[in-house]
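Engineer:
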Amino acid sequence: MLFVSSRYLGNKIAQALITIFIVLCVNFFLFRIMPGDPLSMLMRNPRASQQAIQKAKELYGLDQSLPAQFGRYLQDLVKLDFGVSFMFKKPVVEVIGGKIGPTLLLLGVSELIAIILGIYLGIVAASHRGRIVDVGAISLSLLLYSLPTFLLGMVLILVFSVYWGLFPSVGMVTAAAKFSSWWRQSLDLLAHLFLPAMTLALTLIGEYGMLMRSSLIEVLSEDFIVTARAKGLSEREVIHKHGYPNALLPVVTAISINLGLTIAGAIQVETVFSWPGIGRLMYDALNNRDYPLLQGIFLLVCICVIVANLLSDLLYMVLDPRVKS
Amino acid sequence: MGTVTPLLEVRDLKTYFHTKEGIAKAVDGISFEVNEGASFGFVGESGCGKTTAALSIIKLLPKNGRIEGGQVLFRGEDLTAKSDEEIRMRRWKDVSIVFQGAMNSLNPVMRISKQIVEAIRLHEDISIPEARERVKRLFAQVGLNPALLDQYPHEFSGGMKQRVMIALALACNPRLIIGDEPTTALDVMVQAQILDLLEELRRSLNLATILISHDLSVIFDACERLAVMYCGKIVEIGGAREIYLRPAHPYTRKLVNAFPDLELEKQRKTGKRALGKSIAGDPPNPLDRITGCKFHPRCEWAEPRCVEEEPVAMKVGADHRAFCWKWDRIG
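Chains Y and U are the protein sequences, given in the same order.
Just so we're aligned, residue 1 is where the first sequence starts under this note's numbering, counting upward by one.
Just so we're aligned, residue 1 is where the second sequence starts under this note's numbering, counting upward by one.
#1: Compute the Euclidean distance between the alpha carbons of glycine 179/U and leucine 168/U, then round it to the nearest angstrom.
#2: Please determine, among Lys326/U, Ser96/U, Leu61/U and Glu9/U, the residue with the shortest C-alpha to C-alpha distance to alanine 248/U.
#3: With DSSP run on the structure shown, which of helix, strand or coil describes methionine 103/U?
#4: Pick out the complete beta strand (DSSP E) segments inside the region 266 to 296 of chain Y, 3 residues or longer, and give them in chain order.
#5: Identify the contact partners of serine 234/Y in chain U, using a Cβ-Cβ distance below 7 Å as the criterion.
#6: At 9 Å on the CB atoms, spell out the chain U contacts of arginine 229/Y, in chain order.
#7: Give the secondary structure of serine 217/U by DSSP, where H, G and I count as helix, E and B as strand, and everything else as coil.
#8: Measure the alpha-carbon distance for aspartate 298/U versus aspartate 319/U and round it to whole angstroms.
#9: List, in order along the chain, the chain Y residues whose C-beta lies closer than 9 Å to that of tryptophan 107/U?
#10: Kindly provide the ranges of any alpha helix (DSSP H) runs that are 4 or more residues long and lie completely inside the region 45 to 110 of chain U, ordered along the chain.
#11: Is it a yes or a no for the region 206 to 226 of chain Y touching the region 139 to 147 of chain Y, going by three-plus beta-carbon pairs under 8 Å?
#12: Provide the residue span of the alpha helix (DSSP H) that contains serine 113/U, from first to last.
#13: Among His18/U, Ile23/U, Glu36/U and Val27/U, whose alpha-carbon lies nearest the alpha-carbon of leucine 349/U?
#14: Lysine 315/U by DSSP, collapsed to three states: which one?
#15: Tell me the residue span of the beta strand (DSSP E) that contains phenylalanine 32/U.
#16: Any C-beta of chain Y within less than 7 Å: which residues of the region 156 to 184 of chain U qualify?
#17: Give the DSSP-derived three-state secondary structure of tyrosine 152/U in the structure shown.
#18: Since leucine 106/U and glutamine 115/U should fall inside the 8 Å C-beta cutoff, what is the C-beta to C-beta distance between them, to a whole number of angstroms?
#19: For valine 84/Y versus cysteine 302/Y, is the C-beta distance shorter than 7 Å?
#20: Of the residues Leu149/U, Thr291/U, Arg253/U and Pro146/U, which one's Cα is nearest the Cα of valine 43/U?
#21: For the beta strand (DSSP E) that contains glycine 239/U, what are its first and last residues?
#22: By a C-beta neighbour count over all protein chains shown, 10 Å radius and 16 as the cutoff for buried, is leucine 2/Y buried or exposed?
#23: Using only the alpha-carbon positions, how far apart do glycine 61/Y and leucine 300/Y sit?
#24: Secondary structure at alanine 227/U, three-state DSSP: helix, strand or coil?
#25: Against chain Y, with Cβ distances strictly below 7 Å, would methionine 1/U count as a contact?
#26: Using a cut-off of 9 Å between C-beta atoms, extract the partners of phenylalanine 99/U located in chain Y.
#27: Counting only the same chain and skipping the five closest in sequence on each side, list residues whose C-beta sits under 8 Å from that of glycine 156/Y.
#28: Of all Cβ atoms in chain Y, is any one closer than 7 Å to the Cβ of alanine 119/U?
#29: Run through chain Y and tell me which residues come within less than 9 Å of histidine 214/U, C-beta to C-beta.
#30: Looking at chain Y, which residues of the region 113 to 139 of chain U have a Cβ within less than 9 Å of any of its Cβ atoms?
#31: Buried or exposed for lysine 161/U, going by 16 or more other Cβ atoms inside 10 Å?
#32: In this structure, does DSSP put phenylalanine 167/Y in helix, strand or coil?
#33: Quick check on proline 247/U: does DSSP put it in helix, strand or coil?
#34: Classify proline 62/U as buried or exposed, calling it buried when 16 or more other Cβ atoms lie within 10 Å of its own Cβ.
#35: Go ahead and label tyrosine 163/Y buried or exposed: buried means 16 or more other beta carbons lie within 10 angstroms of its beta carbon, across all protein chains shown.
#36: When you compare the CB of methionine 229/U with every CB in chain C, is at least one pair closer than 7 Å?
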């Protein structure tokens, strides 16, 4: 099987690389046609002398023509140099590197919860189709799915932090927590993680639940399900052995694409909860017209989406024997 | 016949579907018998209730379908009285089904061996290697290469998939196999092979078969006895040969006439292409309430009695009955 699929795999990887290159080009021009002047942000001094402004322009390469800037951008990329952040005055790689941990933690936890609970919810709904459980599950999923994350986040803060005072609403760690024992630090981290992870997970549960439900209902109307019932399998076995593995296929694709997108999609949640991750960083970089940093983040997001797609293709090969050719 | 208890005896079976628009009487009081090792056939237009009639035997009905009356005696035991759980364990062990396998009746993401082993181990307490051995034997029995047992369904052609379906149906040594349009999606050559295979297995294993088809020629060819169904009712039942030679019910006559005649001699005389005559009118909606004989709106011989009174079984021959008041008065 691996032998047969190596060409398929090569094709997929080549496609991914081409896509990344196109993204690189778009990435450069997109931010430069955006209104706003990075220099005024850089100088932070409305009365800066003409000379000082000129100096800054030269320093950041903003005095050159667009094509020249693009040429340099590509040259630097080859050397894996993503430039220096205007805001932090540090290499972009370093800035992003410092924020990627918290984002991965937040996303990993909430996606994991959402995948397990969402798929479970979908199966429960589909196997009780038309009954109270199903109606309840659909309503809940629709509500969760359609709620904007920032709204849900603020409601959760209001209930859990303001009214009940159960969980902190800001940041990832309590100041000075690093002086206590490791398990107290972990508890502190978990307490901070709870609300943002719940916000993200809840919206995703709605989405995955709806998807799994409709996919499973479709599969349950297939002929091979009747065959499975005729063999004498119980309704539970029919769903778990024959329905579920088939219904999972479209859901896997949706989840993988989502996985890549949520890196950027966490922007609202991270902003509401002041979570020190990539989403929050992107928000700040946008506000400050930090071109190199924005380019770096966009590139990261794009690569994540493309890699997630690639992974879903690979996973599909394992799950569906028909995809080999 | 006679004193022997039939393998399957269905008495006045009624299966209704409860839909939003009302109750659809898919099967409305039918009775028939199938002896051990015999071949029985159901024929009729789509929607006439032939599949529902056969699947009701093991209660394999959609959620809104219910058996509302009658008995299904399998070796003298009433299956309609059994709980869902009991009937579930009887499925495949006593009665198995060959579906339209060329289409989508096998799970596309599960190896074929696993799908058959699953059925065997559900009903019998044997190990996986033993079950696999049996799958190999079954493959050989239905004319498939046993080396292919670990393939996936999409790697097989339509005819091969249908052979897999038959192997699957034989897995637990059932006494009765129901073939639900088993050859419909196959080309004519493969159709003949599959029907021959079923016939050969029936003889060698003394299996009873119930074949369901909309294709008269298939049923006449493959079954000893048959029932013609129309709108949830059996309109004619008896020996296939007798019905073929002397169709009694107007609907059966029209069905036989609707079949294209391939005799070249006739064609040359009339100068017409050998297309059958279609039956005027549409098959009724199962939700409609039709009084008397269900066929009377489409029947050119209908008289007032046909509208008012439901016909009873009229004896046409030794093993041949028609549900028509006028069968002996039609030219």
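Where a beta carbon is used, it is the ideal one built from N, C-alpha and C, also for glycine.
As the structure is a computational prediction, the values presented were derived from the model and not from experiment.
Structural biologist: The answer reads as follows:
#1: 12 Å
#2: Lys326/U
#3: coil
#4: none
#5: Arg88
#6: Leu60, Arg88 and Arg91
#7: helix
#8: A quick correction: the sequence has arginine, not aspartate, at residue 298/U. Using only the alpha carbons, I get a separation of about 27 Å.
#9: Here residue 107/U turns out to be asparagine, not tryptophan, going by the sequence shown. Those are Glu222, Phe224, Ile225, Thr227, Ala228, Lys241, His242, Pro245 and Asn246, listed as they occur along chain Y.
#10: 50 to 56 and 84 to 90
#11: yes
#12: 112 to 123
#13: The structure shown has nothing for residue 349/U, since chain U only spans 1 to 331.
#14: strand
#15: 22 to 34
#16: none
#17: coil
#18: 6 Å
#19: no
#20: Arg253/U
#21: 233 to 239
#22: Interpretation of leucine 2/Y is limited by its pLDDT of 46, a score under 50 that renders its predicted location unreliable; no figure is taken from the coordinates.
#23: 23 Å
#24: strand
#25: Confidence in methionine 1/U is poor, its pLDDT being 47 and thus under 50, which makes the residue's placement too unreliable to answer from.
#26: Asp223, Phe224, Val226, Thr227 and Ala230
#27: Here residue 156/Y is leucine; the residue named in the question, glycine, does not match the sequence. For leucine 156/Y, where only same-chain residues beyond five positions count, the Cβ hits under 8 Å are Leu195, Met198 and Thr199.
#28: yes
#29: Those do not exist, as histidine 214/U stays about 17 Å from chain Y at its closest Cβ, beyond 9 Å.
#30: Gln115, Glu118, Ala119, Leu122 and His123
#31: buried
#32: coil
#33: coil
#34: exposed
#35: exposed
#36: Here chain C cannot be found, since the structure's protein chains are Y and U.
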